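Chains A and B, in that order, give the protein sequences. With the numbering used here, the residue at position 20 of the first sequence is 967, and numbering never jumps. With the numbering used here, the residue at position 128 of the second sequence is 1075, and numbering never jumps.
Protein chains: 2
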Amino acid sequence: MTRLPLQPERAGKGTVVDSIVQTLADDIISGRLTPGTKLDAQAMAQRFGVSRTPIRETFGHLAAMGLVTHRPNRGVIVATLSPDALSDLYEAMAELEAALARLAALRMNSDQRQALLELHQESVHLVRDGTADDYARYNQRFHALIFEGAQSSQLQQLAEATRHRLAPFRRAQFRLTNRVSKSWEEHDAIVRAILAGDADGVARLMRLHVQTVSAMSAEFVAEHQLPMGTRGETSP
Amino acid sequence: MTRLPLQPERAGKGTVVDSIVQTLADDIISGRLTPGTKLDAQAMAQRFGVSRTPIRETFGHLAAMGLVTHRPNRGVIVATLSPDALSDLYEAMAELEAALARLAALRMNSDQRQALLELHQESVHLVRDGTADDYARYNQRFHALIFEGAQSSQLQQLAEATRHRLAPFRRAQFRLTNRVSKSWEEHDAIVRAILAGDADGVARLMRLHVQTVSAMSAEFVAEHQLPMGTRGETSP
DNA sequence: CTTCCTGATAGTGCATGCATAAGTGAAGGA
DNA sequence: TCCTTCACTTATGCATGCACTATCAGGAAG
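Right, dumping it as structure tokens:
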């Protein structure tokens, strides 16, 4: 009668729904689907060669992740954020990343610290010679290393989920003038604090870093009139 | 074939799925459904008087919230947590609550500070005269006031979602000896730090407070053999 | 010309049916 | 007695069909 669990956490793979969730989530995060875009259930059904039932289930998952907004009887759209909601989400991001950086400063082993330092030092040339996309990729890896160093998988998952929700509004910030060099300098201070084991200091620095990104992102969104859904749903 | 055009109880205006999600989530959070319990789709369909389709959609929502675990072709069970996963979640909880408390210390207005102080002072008698449930209710309101005071709705939502996931494992901790008076003393220090505007101090205190709860919860789970994911992990 | 009604149309939400994989128990062999 | 095998049972995952609601075009009333 004692039923021992066969393999822990084997779940989450295998069904059609999960693979479609991955695909659509990636479409949103990568910007192929922009905020405000309506997701037509039967068009998706055709695209993936399945019926509408698993598509609707997929929409449920994406809605729970905050990537899409479900409006009863009116379909599903890629999530839009009012300026207030955007800064609110960035604040959450700032606190999550600050907490992770704090833990990383306390917990990273010497290999991890070395890897972080090397990644950061090798990125110097990107400030002058790299493209915005190059720097964005380095930036992604920089934060990922800190996430891993914190060794707190739940907190990491929350941070990554929040990062995904912000992705559509954050993408192009490195194209702003001077943003790259400023960002690199902020990273530099963060790396030094982590190597020094200055937990409270790195938390403060990371919070400021993300707040700066937030301001840049808001500026970029304002300048480029990204769809935000400022006034609720009813748009004329 | 026999389709009833009129739903006798279509409570609220939202969809059926949303109301079922609410009900089942509450069943799990409140402990009516304990971790490891299998959720039978057609039994649920009968219980709520709907077909299996919206039930399956409901399961998707609950899985995305982390309240249930979906095993392909093997159904859905109320989420179980290994001891490691439990402490990991508590760590996330600690950091989230610490961040919220820090913001609350910076942002609460005088009315909110007054309300927090009054709630806390009025709760003194619960330490000696109240039941565990009484204190749990006060505890809930205490943390809720701090959440509101932080004025950071996304962070608050993350904290509440995490709190819900922990609820099945956290419920009975106030029945442990001395836990109530210790908890009250920790709250007391937190209130004083918030009133003093000591942001970093309250973050540290809150982190310790939740860590203590984590230890208590782990102890309770171990003593009472709650269903967990993987057995065999002995504490160091 | 604007506002309000009204009917057509499309798409969502749910029910039902079927193929398939997982679970169950009995029979046979070591 | 215990383990393996195999048919049977059960429930999951997906497809399809139908009713209901939101949206929009067109026309009447102000």
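Every residue gets a Cβ at the ideal spot worked out from N, C-alpha and C, and that includes glycine. Just so we're clear, the structure is a prediction, and the values are computed from it rather than from any experiment.
Pairwise C-alpha distance: residue j and residue i
i, j, result
"residue 969 of chain A", "residue 1005 of chain A", "9 Å"
"residue 974 of chain B", "residue 1103 of chain B", "22 Å"
"residue 1079 of chain B", "residue 1127 of chain B", "8 Å"
"residue 963 of chain A", "residue 1032 of chain B", "27 Å"
"residue 1163 of chain A", "residue 1045 of chain B", "27 Å"
"residue 1144 of chain A", "residue 1057 of chain A", "11 Å"
"residue 1011 of chain A", "residue 1017 of chain A", "10 Å"
"residue 1135 of chain B", "residue 1068 of chain B", "9 Å"
"residue 1091 of chain B", "residue 993 of chain A", "46 Å"
"residue 1132 of chain B", "residue 1152 of chain A", "32 Å"
"residue 1020 of chain B", "residue 1086 of chain B", "40 Å"
"residue 998 of chain A", "residue 1101 of chain B", "34 Å"
"residue 1059 of chain A", "residue 1097 of chain A", "10 Å"
"residue 1123 of chain B", "residue 1077 of chain B", "14 Å"
"residue 1022 of chain B", "residue 967 of chain A", "19 Å"
"residue 930 of chain B", "residue 1157 of chain A", "This structure cannot settle anything about residue 930 of chain B, because the visible part of chain B is limited to 948 through 1183."
"residue 988 of chain B", "residue 988 of chain A", "24 Å"
"residue 1001 of chain B", "residue 1070 of chain B", "43 Å"
"residue 1094 of chain A", "residue 1034 of chain B", "17 Å"
"residue 1061 of chain B", "residue 1072 of chain A", "54 Å"
"residue 1081 of chain B", "residue 1129 of chain B", "16 Å"
"residue 1008 of chain B", "residue 1008 of chain A", "6 Å"
"residue 1155 of chain A", "residue 1083 of chain A", "18 Å"
"residue 1003 of chain B", "residue 1142 of chain A", "48 Å"
"residue 1050 of chain A", "residue 976 of chain A", "27 Å"
"residue 1041 of chain B", "residue 1114 of chain B", "14 Å"
"residue 959 of chain B", "residue 1147 of chain B", "Below a pLDDT of 50, predicted positions are generally treated as unreliable, and residue 959 of chain B, at 38, falls in that range; no measurement from the model is reported."
Collapsed DSSP secondary structure at residue i in the structure displayed
i, result
"residue 1016 of chain A", "strand"
"residue 996 of chain B", "coil"
"residue 952 of chain B", "Reliability of the predicted coordinates at residue 952 of chain B is poor, the pLDDT of 33 falling under 50, and the value obtained from them is presented with this limitation in mind. Residue state, collapsed to three classes: coil."
"residue 1123 of chain A", "coil"
"residue 1060 of chain A", "helix"
"residue 978 of chain A", "coil"
"residue 1178 of chain B", "Confidence is the limiting factor: at residue 1178 of chain B the pLDDT is only 34, short of 50, which leaves the residue's position unreliable, though a coordinate-based value still follows. DSSP places residue 1178 of chain B in coil when its eight states are reduced to three."
"residue 962 of chain B", "coil"
"residue 1153 of chain B", "helix"
"residue 1167 of chain A", "helix"
"residue 1070 of chain B", "coil"
"residue 1029 of chain B", "coil"
Inter-residue CB distance, residue i and residue j (contact presumed, cutoff 8 Å)
i, j, result
"residue 1064 of chain A", "residue 1138 of chain A", "6 Å"
"residue 1047 of chain B", "residue 1112 of chain B", "So it is not a contact: roughly 17 Å between Cβ atoms."
"residue 1028 of chain B", "residue 1167 of chain B", "With a Cβ gap of about 13 Å, residue 1028 of chain B and residue 1167 of chain B do not count as contacting."
"residue 1140 of chain A", "residue 1052 of chain A", "7 Å"
"residue 1039 of chain B", "residue 984 of chain B", "Residue 1039 of chain B to residue 984 of chain B, Cβ: 24 Å. No contact."
"residue 1160 of chain A", "residue 1120 of chain A", "6 Å"
"residue 1118 of chain A", "residue 978 of chain A", "6 Å"
"residue 980 of chain A", "residue 1025 of chain A", "5 Å"
Any non-hydrogen atom of the ligand GDP closer than 7 Å to residue i Cβ
i, result
"residue 1092 of chain A", "Looking at this structure, you won't find the ligand GDP or any other ligand, since it has none at all."
Bridge partners - residue i, DSSP secondary structure assignment
i, result
"residue 1142 of chain B", "DSSP lists no partner for residue 1142 of chain B."
"residue 1022 of chain B", "B:1018"
"residue 985 of chain A", "A:1024"
Boundaries of the alpha helix (DSSP H) in which residue i is found, first to last residue
i, result
"residue 1096 of chain B", "1079 to 1097"
"residue 1112 of chain B", "1100 to 1117"
"residue 1055 of chain B", "Segment: none, residue 1055 of chain B is in no alpha helix (DSSP H) and carries neither H nor E."
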